[in-house]
Amino acid sequence: MTNTAQQNDLANAIRSLSMDAVEKANSGHPGLPMGCADIATVLFTKVMKFDPADSKWADRDRFILSAGHGSMLLYSSLYLLGYEDMTIDQVKNFRQLGSKTAGHPEYGHATGIETTTGPLGQGLANSVGFAVAEAKLAAEFGSDIVDHHTWVLAGDGCLMEGISQEAIALAGHLKLNKLTVIWDNNSITIDGAVSNSDSTDQIARFKAVQWNTIEIDGHDQDAIEKALLAAKKSDKPTLIAAKTTIGFGAPKKAGTEKVHGAPLGAEELAGAKAALGITYPAFEIPAEILATWRAAGTRSQNIRGEWQSRLAAHPNKAEFERRMKGDLPAAFKPAIDAFKKKLVEDKPKVATRKSSQMALDVINAVLPETQGGSADLTHSNLTNTKEMVPFQADNYLGRYMMYGIREHEMAAAMNGIALHGGLIPYGGTFMVFTDYARPSIRLAALMEVRSIYVMTHDSIGLGEDGPTHQPVEHLTALRAIPNLLVFRPADAVEALECWQLALEATHSPSILALSRQNLPALRTEYQAENLSAKGAYVIAGDRQADVVIFATGSEVAIAVEGQKQLAEQGIAAKVVSVPSMELLAKQSDAYKAELYGNAKVRVAVEAGIEMSWSKLLGDKGRFVGMHSFGASGPIDALYDHFGLTAKAVVEAVTAQL
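Residues in the sequence shown are numbered consecutively from 1, following UniProt numbering.
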């Protein structure tokens, strides 16, 4: 290692702040910031393109700390570089309630944090989406406007997680050469040596999926710089395997699991500072060192100014700015409205997965920013339209992602695309495989990003494939995630309305739960208002009726038939379609009271479990749905077998009268 005194001083500023913050909080992970300080120093002071004065500059490089437990590495760097909201007080309040310096980096809490990380592998998986978005927008608007790099710092744990294989295989296939993963190769996990649980040759693994690989000493700043610059010239994504010592400088704990996730303690902290030559007080970076860091933060100001001049002269400036803001074009609502009128006239009897594709035919024609895709189920999910040429290594203009059988990576990459800006991602798989994608769906909700998950084959209506593919409990599980909009439309009009709502929800991800089987047209009169926007509304029957039947999706038609049979018996009932419980929960008490507040009888019918219906049904309501896993067989036979019929609805109503 040939670092100069100044290079060591810059890196030690990160180490000092990180050690002090963890010690003050009496909680945190000092090992990674101490071990990766040299990497961060070179990356931020010499290689990356960014400007703290404009943290949302569209053409900035993106840095993703996939090993999010090492968050103090990022917070220290942001403070040193001069990000205005990352003050020394925020650093001192690490892991404290209300601070911007949460235990793991959280998107939206502070500028300079590009994505929420912590669950290992998620940042690496997000990065593929960031790189896809960069490549797509560069192909569309030109490299004079879009030309930046995505940098990821990942640890042994990130590479062990299964999602990492999905991510690197897809990135290699797509030749995303502006993506670089720096592997903090310290050979330590929480339980001790990596060799306790893993013997993977990571270099061979990355090479096998078409990555460029470089091996370096992760504490040699000249070697780090050389490797980072080489990665920028590669025609493939690059792995830089940086051999580091976790807790670098700690006299007794360096290189051991003891420095991973606990404060050093007063004695070890003093020993580490002595070994590293840190003589200044806690949280007090010497003026000359801080000045050097702050100057590094201004390195790209002229580059940004030149970029702004190019953008000002760009013929598609207005469109680029609209896209990066996330605004929908003026043509969007008129197109939706015109298609709604057509659906009311045509009254199509189709599966809502087909209704979704019909809506996408309209949407994709007026929204050039949609980036669709499927996890190898395109012809089942029906997520493709005529505009959607595949995005491939030889055609970055493509608008359709062939994600392969990688549901988890698809969802994570969609989050990266959404976070990057300029594109609106949607992607499809079977509803049951939300189990495989759930960690990324949850993070989308936490980050408040507009990712749209098209989940077809949403119930026992899947039929002969049987219980392994029938998502009986999944609606309830998804409804349990805060800030996730779960839509289950009942016909083609509702499907269109739900798509509109998902696209307009700029701070929430959405699930579209769609049927395999054909459903009748229930909305047969044109209404300009998006009725689904209230989450629930009366779709059939007497609005003043004391009997209310709630239903979603494919079961709304069953509820309507039950309502008709009740009318023949002289019992007035109304059917309330509930395309979104989340949007219903946001409505006023007055609206809810008008909808169902004083109903003497309440019944809900859904091909799922009862758990999410308690608030609507109350103590005495009846649920008609699933009380076990599904079975194999034709769709109609399955609905009869499980009692999801109009007759069962009638019986549930009369039992309460």
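The beta-carbon is built from N, C-alpha and C at its ideal position, and this holds for glycine as well.
Around the Cβ of residue i, are there at least 16 other Cβ atoms within 10 angstroms (buried) or fewer (exposed)?
i, result
"D361", "exposed"
"S199", "exposed"
"F141", "buried"
"S309", "exposed"
"E529", "exposed"
"A573", "buried"
"P281", "exposed"
"I278", "buried"
"V194", "buried"
"D491", "buried"
"S197", "exposed"
"H148", "buried"
"A585", "exposed"
"Q470", "buried"
"Y400", "buried"
"T370", "buried"
"E555", "buried"
"E642", "Here the sequence assigns Phe to residue 642, which means Glu is not the residue at that position. When all chains shown are included, F642 counts as buried."
"K100", "buried"
"Y526", "exposed"
"M72", "buried"
"P263", "buried"
"E84", "exposed"
"A593", "exposed"
"P105", "buried"
"T383", "buried"
Is the Cβ-Cβ distance between residue i and residue j less than 8 Å?
i, j, result
"H109", "G70", "no"
"R442", "A505", "no"
"A495", "A359", "yes"
"D144", "Q301", "no"
"A272", "P286", "no"
"L170", "E409", "yes"
"residue 658", "G428", "No statement about residue 658 is possible, as the shown extent of the chain runs from 1 to 657 and does not include it."
"A37", "I14", "yes"
"residue 692", "V493", "What the structure shows of the chain is the stretch from 1 to 657, and residue 692 is not part of that stretch, so it cannot be assessed."
"V344", "T116", "no"
"V91", "S76", "yes"
"I240", "W293", "no"
"A521", "G553", "no"
"P650", "R622", "This sequence places Val at residue 650; Pro is not what is there. Against a cut-off of 8 Å, the Cβ pair of R622 and V650 comes out as no contact."
"P237", "L176", "yes"
"G535", "L583", "yes"
"V454", "F629", "no"
"T111", "E134", "no"
"V575", "Q563", "yes"
"Q221", "Q392", "no"
"N185", "I246", "no"
"G461", "R406", "no"
Give the C-beta separation of residue i and residue j to the nearest angstrom, bearing in mind that I take them to be a contact with Cβ-Cβ under 8 Å.
i, j, result
"G155", "L32", "7 Å"
"G35", "F248", "5 Å"
"G192", "E268", "The Cβ separation is near 18 Å, so there is no contact."
"A303", "K49", "Note on identity: in this sequence residue 303 is Ile, with Ala being the wrong assignment. The Cβ separation is near 6 Å, so the contact holds."
"I113", "L74", "7 Å"
"I224", "I216", "6 Å"
"L638", "G463", "7 Å"
"G129", "A502", "The pair is not a contact, with the Cβ atoms about 18 Å apart (cut-off 8 Å)."
Jot down the residue ranges of each uninterrupted alpha helix (DSSP H) in the stretch 573-606, minimum 4 residues, whole runs only, in chain order. You should have 581-585 and 589-592.
Taking contact to mean 3 or more Cβ pairs, one atom from each stretch, closer than 8 Å, check whether the stretch 112-132 and the stretch 158-176 are in contact. Yes, the stretch 112-132 touches the stretch 158-176.
Decide yes or no for the touch test of the stretch 427-444 against the stretch 565-581: beta carbon pairs closer than 8 Å, at least 3 of them. They do not touch, by the three-pair rule.
Which runs of the beta strand (DSSP E) at least 3 residues long sit entirely within the stretch 476-548? Give them in chain order. Listed in chain order, the beta strand (DSSP E) runs fully inside the stretch 476-548 are 485-487, 510-514 and 537-541, counting runs of at least 3 residues.
Complete alpha helix (DSSP H) runs within the stretch 259-286 (minimum length 4 residues, chain order): Within the stretch 259-286, the complete alpha helix (DSSP H) runs of at least 4 residues are 266-276.
Taking one C-beta from the stretch 475-489 and one from the stretch 326-338 each time, how about it: are there three or more such pairs within less than 8 Å? The answer is no - the stretch 326-338 does not touch the stretch 475-489, with fewer than three Cβ pairs under 8 Å.
Suppose only complete runs of 4+ residues qualify. What are the alpha helix (DSSP H) ranges in the stretch 96-182, listed by chain order? Counting only runs of 4 or more residues that sit fully inside the stretch 96-182, the alpha helix (DSSP H) segments are 122-141, 156-160 and 162-174, in chain order.
Given 8 Å as the limit, is there contact between the stretch 508-515 and the stretch 444-462, that is, 3 or more CB pairs closer than that? Because the criterion of three Cβ pairs below 8 Å is met, the stretch 508-515 and the stretch 444-462 touch.
Restricting to runs no shorter than 3 residues, where is the beta strand (DSSP E) found entirely within the stretch 421-446? Those beta strand (DSSP E) runs which fall completely within the stretch 421-446 and span 3+ residues are 424-430.
Completely contained beta strand (DSSP E) runs for the stretch 1-42, where each covers 3 or more residues: Runs found: none.
Every unbroken alpha helix (DSSP H) inside the stretch 312-349 [4 residues or more]: Whole alpha helix (DSSP H) segments, 4+ residues: 317-325 and 332-346.
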